[in-house]
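Position one of the sequence shown corresponds to residue 16 (the numbering used here), numbered consecutively onward. Don't be surprised by glycine CBs; every beta carbon is placed ideally from N, CA and C.
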Amino acid sequence: MSIMIHFYHDNLFELSNEYLTVQFNLSNGQITSFNYKSQLITITNETSFIVLNNVLIDCSKLINFKEDVHSINFTYACSNKTNYQLTIIYTLKFQWEFLEKQIYFENIDNKSITSIETTFTLTNKIIPSVSIIQNRQDLNKEHTIFLRTKLNTLGIFATWQHPFGHYSITSNNQTVTSSYQIGINISYLSEGFLIGFYKLSTYWHTNDINYAEREAYEKATSFFYPIPQRKQSIKHAVGWDSNDYQIDISTSHGVEEYKRLIDRCAQLGINSLTFAPSNTNVSSRQEATDDWGWESVLWLSLGEKIRLEQWKPYRDSIPLTIQQMLDYAQFKQIKLVPYVYPPLGYRLKGKDQAWLFPSSHCKTVCASLASVEFQQYFLQLLIDFAQITGIGGYAWDYNFFYDTQNTEYSQWRGWQWIRTELLVALPYLIMDHRYASQYDGPWSWITLNG
């Protein structure tokens, strides 16, 4: 287990585990050094900044600190003659080869939190080589920064636990700075900013990524799965790859054709199937509101009715054409997994004004994933639908962030919260991330479950 060592007489404090010791200066709350497997890394100027309504707020006056088994929190007063306080939370747990830093701001008057920035400067290491790793699917986003020491043995990485951090290196590769746009007007706890360490390998994955760097980053993400990962792989088929959208299960011929697809899955030992046939008794492609024109196959073909609040779990019965497919799949011991597009213009009488906004991407209006009200509504809808139908999971797609009045980050954060809470509520669900999830990177993929 992690061991906490206190040095109050020297005005120092340490968090320590079997790999890493982190030393803090209790007079200012800043990290002074890391000791990773007997290699000392000293740092200075380890600070954080918050911007409210586009104005930088000075929150540098340390007023107290509080330690716990695996963490220490430092609380700072902000010098703008308000009661604003900023709390920095440092956590080091068993087996971690990194330190997690989170920033908490109690937004007492609901101002817009524009951005956050954090920085630190290395003082005893020469860094001849640095790589800032871009998201290949979206070059406006960056995954992480890797720093390599002069002897090419020790590596250091820094990363936010979301895809929106921007990283820069200055002062002869000694100072790392990272920031991101937030756009949230309630009290806010950031995702973690990880500072991690590894021993460089002699092998390179690419010119910019050492094998040990890839392993260190991947290992760091593995500690943050919302639920324990499955012990065994699953056999899952995607009906789309068999052109199931061309099968109309409202006809007897279509039913028999889809049953043959289910039969073949059963023969191959496949136990779940992404399910997206047409069902003209229930939905119509002509009524689709997504840019791709596939809303009619979503939610087991109930997508259009769900969006318009014409069908609700527990209130309305499952149409016979859908129930017979659920029953047959269950008979063959196969779970159906429907597609779901989160930003479509879901209606909820008297409440949807909190999340609907004009957008041609959903024909007339889309739902904003930045809306807390929508997040709560959509999570409950997903839970209820899964429970009433007995589906095996969800296949996410079209999870684009179309709301230009809110930051991409605030929409991503809402979507991440929905998926995380859904897994916590129903941990057996398969989470099948389709095309659109490739844009968001590995911290989105920790909500995969398959």
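Rounded to whole angstroms, what is the Cα-Cα separation between residue i and residue j?
{"i": "isoleucine 171", "j": "lysine 234", "result": "14 Å"}
{"i": "leucine 55", "j": "leucine 35", "result": "10 Å"}
{"i": "phenylalanine 219", "j": "glycine 405", "result": "Note that residue 219 is tryptophan in the sequence shown here, rather than phenylalanine. Those two C-alpha atoms are separated by around 46 Å."}
{"i": "isoleucine 321", "j": "lysine 327", "result": "6 Å"}
{"i": "tyrosine 240", "j": "threonine 462", "result": "7 Å"}
{"i": "lysine 140", "j": "lysine 52", "result": "15 Å"}
{"i": "isoleucine 104", "j": "asparagine 464", "result": "29 Å"}
{"i": "aspartate 124", "j": "glycine 308", "result": "42 Å"}
{"i": "phenylalanine 28", "j": "leucine 107", "result": "13 Å"}
{"i": "phenylalanine 113", "j": "glutamate 324", "result": "47 Å"}
{"i": "alanine 281", "j": "alanine 252", "result": "11 Å"}
{"i": "isoleucine 264", "j": "lysine 274", "result": "10 Å"}
{"i": "valine 355", "j": "arginine 449", "result": "10 Å"}
{"i": "isoleucine 118", "j": "asparagine 286", "result": "43 Å"}
{"i": "alanine 401", "j": "leucine 335", "result": "17 Å"}
{"i": "tryptophan 314", "j": "glutamine 189", "result": "51 Å"}
{"i": "isoleucine 72", "j": "phenylalanine 393", "result": "35 Å"}
{"i": "lysine 156", "j": "threonine 266", "result": "46 Å"}
{"i": "isoleucine 160", "j": "serine 146", "result": "6 Å"}
{"i": "arginine 434", "j": "asparagine 26", "result": "42 Å"}
{"i": "serine 459", "j": "threonine 133", "result": "22 Å"}
{"i": "aspartate 223", "j": "lysine 165", "result": "16 Å"}
{"i": "serine 248", "j": "alanine 227", "result": "25 Å"}
{"i": "valine 387", "j": "threonine 236", "result": "26 Å"}
{"i": "glycine 407", "j": "aspartate 278", "result": "17 Å"}
{"i": "phenylalanine 120", "j": "tryptophan 411", "result": "32 Å"}
{"i": "leucine 396", "j": "serine 48", "result": "48 Å"}
{"i": "glutamine 391", "j": "leucine 283", "result": "39 Å"}
{"i": "isoleucine 46", "j": "asparagine 40", "result": "6 Å"}
{"i": "aspartate 83", "j": "glutamine 38", "result": "15 Å"}
{"i": "arginine 428", "j": "lysine 364", "result": "25 Å"}
{"i": "proline 353", "j": "serine 452", "result": "16 Å"}
Name the one or two DSSP bridge partners that residue i has.
{"i": "proline 457", "result": "Note: proline 457 sits in no beta bridge, so no partner."}
{"i": "proline 178", "result": "Paired residues: none, contrary to the question."}
{"i": "serine 194", "result": "Glu132 and His181"}
{"i": "proline 353", "result": "Phe290"}
{"i": "phenylalanine 161", "result": "Ser146 and Phe172"}
{"i": "leucine 101", "result": "Tyr91 and Phe120"}
{"i": "threonine 62", "result": "Thr134"}
{"i": "valine 37", "result": "Leu30 and Phe49"}
{"i": "threonine 419", "result": "For threonine 419, which the question treats as bridged, DSSP gives no partner whatsoever."}
{"i": "lysine 76", "result": "Ala92"}
{"i": "isoleucine 199", "result": "Ile128"}
{"i": "histidine 448", "result": "Trp411"}
{"i": "glutamate 82", "result": "Ile87"}
{"i": "glutamate 112", "result": "The partner list for glutamate 112 (beta bridge, DSSP) is empty, contrary to what the question assumes."}
{"i": "tryptophan 219", "result": "Asn225"}
{"i": "valine 70", "result": "Leu67"}
Rounded C-beta distance between residue i and residue j? I'm assuming under 8 Å.
{"i": "threonine 174", "j": "serine 183", "result": "Threonine 174 to serine 183, Cβ: 14 Å. No contact."}
{"i": "aspartate 447", "j": "tyrosine 413", "result": "13 Å between Cβ atoms; not a contact."}
{"i": "phenylalanine 179", "j": "glutamine 196", "result": "7 Å"}
{"i": "leucine 67", "j": "lysine 126", "result": "5 Å"}
{"i": "tyrosine 260", "j": "alanine 291", "result": "6 Å"}
{"i": "aspartate 418", "j": "glutamine 431", "result": "Not a contact, Cβ separation roughly 15 Å."}
{"i": "glutamate 310", "j": "leucine 351", "result": "The pair is not a contact, with the Cβ atoms about 18 Å apart (cut-off 8 Å)."}
{"i": "isoleucine 131", "j": "serine 205", "result": "6 Å"}
{"i": "isoleucine 349", "j": "leucine 288", "result": "6 Å"}
{"i": "asparagine 122", "j": "isoleucine 201", "result": "6 Å"}
{"i": "phenylalanine 135", "j": "glutamate 230", "result": "The Cβ separation is near 23 Å, so there is no contact."}
{"i": "phenylalanine 212", "j": "tryptophan 111", "result": "About 10 Å; that fails the 8 Å criterion."}
{"i": "phenylalanine 80", "j": "asparagine 32", "result": "About 20 Å; that fails the 8 Å criterion."}
{"i": "valine 312", "j": "serine 293", "result": "6 Å"}
{"i": "valine 270", "j": "glutamine 339", "result": "7 Å"}
Below 7 Å CB to CB, which residues in the same chain sit around residue i once its five sequence neighbours on both sides are set aside?
{"i": "proline 442", "result": "Ile242"}
{"i": "threonine 138", "result": "Thr57, Ile58 and Thr59"}
{"i": "leucine 276", "result": "Gly254, Ser257 and Asp259"}
{"i": "asparagine 167", "result": "Leu215"}
{"i": "serine 144", "result": "Arg163"}
{"i": "serine 75", "result": "Tyr91"}
{"i": "cysteine 7", "result": "The structure shown does not extend to residue 7, since the chain spans only 16 to 465, so no value can be given for it."}
Note down, in chain order, each residue of its chain lying with its Cβ closer than 8 Å to the Cβ of residue i, except the 5 sequence neighbours on either side.
{"i": "histidine 477", "result": "This structure does not reach residue 477, given that the chain is present from 16 up to 465, and the question cannot be answered."}
{"i": "glycine 3", "result": "The structure shown does not extend to residue 3, since the chain spans only 16 to 465, so no value can be given for it."}
{"i": "histidine 376", "result": "Asp305, Asp306, Pro358, Phe415 and Tyr417"}
{"i": "isoleucine 398", "result": "Leu437, Ala440 and Leu441"}
{"i": "valine 380", "result": "Gly360, Leu371, Phe372, Pro373 and Ser374"}
Under 6 Å Cβ to Cβ from residue i, same chain only, skipping five residues before and after it: list those, please.
{"i": "threonine 185", "result": "none"}
{"i": "aspartate 153", "result": "Tyr454"}
{"i": "glycine 318", "result": "Glu310"}
{"i": "alanine 369", "result": "Ser386 and Glu388"}
> Where in the stretch 259-344 do unbroken runs of the alpha helix (DSSP H), each at least 4 residues long, occur, reported from the N-terminal end onward?
Replying inline: 267-282 and 318-322
>> In chain order, what are the residue ranges of uninterrupted beta strand (DSSP E) at least 3 long that sit wholly in the stretch 365-404?
In response: 371-373 and 380-382
> Quick one: complete beta strand (DSSP E) runs, 3+ long, within the stretch 224-255?
Replying inline: 251-253
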